[in-house]
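The block underneath contains the structure these notes are about, expressed in structure tokens.
In the UniProt record's numbering, the protein residues as written are 1 to 141.
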């Protein structure tokens, strides 16, 4: 059995515990920004790839943002690990960064860009409502 030290009370705990059995402190899961591995929140570095778990990094394309709480989740996850929200597999993607967005969203929760998204009548791909389709060049207005 591998152990960790509770940062609050300093006592040894099983690394699979989500809460300290002595003081009740939460060991909320952290998701590695490099490889996506979920692990106990007391770790400072990823046990799979060694990346820092406290450093803010840009997320790879296989990550997306939960539309409810804004937490980072793996692209294929059906539920947010932060708030438990079910993430629809039919969610549209932001054309700027690829992050899932709801059709009712006015701005992307990941990159912050305005989502004036329409379907191009020529190529049927999602594009901004600017003058030209970003995929095929079709004049939209």
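C-beta atoms are modelled at their ideal positions from N, C-alpha and C, and glycine is treated no differently.
- Item | With 16 other Cβ atoms within 10 Å as the buried cut-off, status of residue 60 | The predicted position of residue 60 is uncertain, since its pLDDT is 45 and thus under 50; a value taken from the coordinates is nonetheless stated next. Exposed: under 16 other Cβ atoms inside 10 Å.
- Query: Since residue 52 sits in a beta bridge, which residues does DSSP pair it with?
  - Reply: 45
- Collapsed DSSP secondary structure at residue 29 in the structure displayed: coil
- Message: So, with DSSP's three-state summary, where would you put residue 14?
- Response: strand
- Query: Looking at residue 109 and residue 65, is the spacing between their C-beta atoms short of 8 Å?
  - Reply: yes
- Message: Which residues does DSSP list as the beta-bridge partners of residue 3?
- Response: 14
- In the DSSP assignment, find the beta strand (DSSP E) that holds residue 63 and state where it starts and stops. 63–65
- Query: Among residues of its own chain, excluding the 5 on either side of residue 38, which ones have a beta-carbon nearer than 6 Å to its beta-carbon?
  - Reply: 29 and 31
- Message: Quick check on the DSSP output: the beta strand (DSSP E) that includes residue 118 runs from which residue to which?
- Response: 117–119
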